[in-house]
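So the structure is just underneath, and the comments pick up after that.
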Amino acid sequence: MATQLPVINLMGPTASGKTALACELYARGNYELISVDSALVYQDMDIGTAKPTKEEQQLYPHHLIDIITPLEVYSAAEFVTDATALIDQIHARGKTPILVGGTMLYFKALLEGLSDHLPSADIHVRADIEQQAAEQGWESVYAELQRVDPQAAIKFKPSDKQRIIRALEVYRLTGEPITQLQAKQVKNQPYSYAFQNYALLPDRAELHARIELRLQKMWKIGFLNEVEFLMEKYDLNDNLPAARSVGYRQALDFLQKSDRSLKNKAVMEEKSLFATRQLAKRQYTWLRSLQQTHQFNVYLSIEQAQEDLRNLYG
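Following our numbering, the numbering of the sequence shown begins with 10 at its first residue and continues without gaps.
Structure below.
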């Protein structure tokens, strides 16, 4: 039996310090970095995604950053295809890939596989569902999900808008409930890789403080100017998946639907902070779910992770 080659997965919620840790490892050994982030794939979306600067990318090159425009869609299935191709290329160069990011769906798809039966996202179908919600209310959309896929309706809360949209999108595209298609999903892909999973899970209070500092920096270095540029260059609007990224959605609402007063700006900043904390909460939940079926090393502080990973890989 051939030796399984190592793949290092470094996961964590937003602002946990995982990217800095991955860059430190990169500088110490024979590694290449692969981004696992559904927002970093977009060109020109830099400040709001906390994307490594051009200078940082020169020092610590990342694959799968800036690969599409904000007008395009990038799915978990496409990520798995791209990431596995890169992993094989990196191994062929005699190096070890480090996958780093916070998009847990991508990690789950890589570790467990995705159903070949699920269709890619369709912007037009999603727009129709969102128009239905705007005209008839989300209760109407959720009621439709209850009719066509009762199992999904039990799994999702009425507030899980993105999941509801995806479930209805799949049904409208295939005529089959997403839960039935997912039941056919292939698990535990027979990769020739030895996945080494690490999770950075700092204390919630510490993470919230780091998130607040990150957002304060975003406002200072011109995040709103970036969003205005995206609106002009790409006609960025809230129907595009890129615009649903945390921070961008709130900034778009402020720039398009308010008088841009200081009062409304403060409200927007508070909404962005709340949404980012909610994102971190969802990432914690995803990680705990993955830990139930995959072996992990979990670190409660950056310092703890640095010490351990230096010993393992440094």
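Using N, Cα and C, we set each Cβ at its ideal position, and we do this for glycine too.
DSSP lists 107 and 205 as the beta-bridge partner residues of residue 17. When the alpha-carbon of residue 191 is set against those of 47, 56, 131 and 123, the nearest one is in 123. Here residue 232 is buried. Its C-beta has 16 or more other C-beta atoms within 10 Å. 8 Å or more divides the Cβ of residue 69 from the Cβ of residue 47. Residue 187 is positioned such that its CB atom lies no closer than 8 Å to that of residue 151. Just measuring C-alpha positions, the residue of 41, 55, 318 and 28 sitting nearest residue 100 is 41. Here residue 56 has 227, 230, 231, 232 and 235 as same chain residues with Cβ atoms under 7 Å from its own Cβ, once five neighbours each way along the sequence are excluded. In this structure, the straight-line span from the alpha carbon of residue 221 to that of residue 276 is close to 14 Å. Assignment of alpha helix (DSSP H) within the stretch 66-123, counting only whole runs of 4 or more residues, yields 85-101 and 113-121 in chain order. In the three-state DSSP reduction, residue 165 falls in the coil class, being neither helix nor strand. Here DSSP, grouped into helix, strand and coil, assigns residue 39 to coil. Excluding its 5 nearest sequence neighbours in each direction, residue 223 has C-beta neighbours in its own chain below 7 Å: 24 and 59, listed in chain order. In the DSSP annotation of this structure, residue 45 is not part of any beta strand (DSSP E), being labelled neither H nor E.
At a Cβ-Cβ threshold of 8 Å, residue 322 and residue 18 do not count as neighbours. Here residue 79 really is in contact with residue 249; their C-beta atoms are around 6 Å apart, less than 8 Å. A straight-line Cα-Cα distance of about 6 Å links residue 45 and residue 109. Shown here, residue 306 sits in a strand according to DSSP, grouped into three states. In its own chain, leaving out the 5 sequence neighbours on each side, no residue places its CB closer than 6 Å to the CB of residue 300.
Residue 32 holds the alpha-carbon nearest to the alpha-carbon of residue 64 among 12, 273 and 32. In the DSSP assignment, residue 151 forms no beta bridge with any residue.
The straight-line gap separating the alpha-carbon atoms of residue 128 and residue 27 is approximately 31 Å.
In the DSSP assignment, residue 51 forms a beta bridge with 77. A contact is defined here as three or more CB-CB pairs under 8 Å, and the stretch 175-187 meets this definition with respect to the stretch 129-140. Residue 292 is positioned such that its CB atom lies no closer than 8 Å to that of residue 54. Take the alpha-carbon of residue 137 and the one of residue 75: they are about 28 Å apart.
Here residue 116 is buried, its C-beta having at least 16 other C-beta atoms within 10 Å. Around the C-beta of residue 178, 16 or more other C-beta atoms lie within 10 Å, and the residue is accordingly described as buried.
Ranked by how close their Cα comes to the Cα of residue 97, the residues 37, 213, 315 and 201 have 201 in first place.
Rounded to the nearest whole angstrom, the CA to CA distance from residue 94 to residue 119 is 12 Å. Beyond the five residues adjoining it in sequence on each side, residue 259 comes within less than 7 Å, by CB distance, of 277, 280, 281 and 284 in the same chain, given in chain order.
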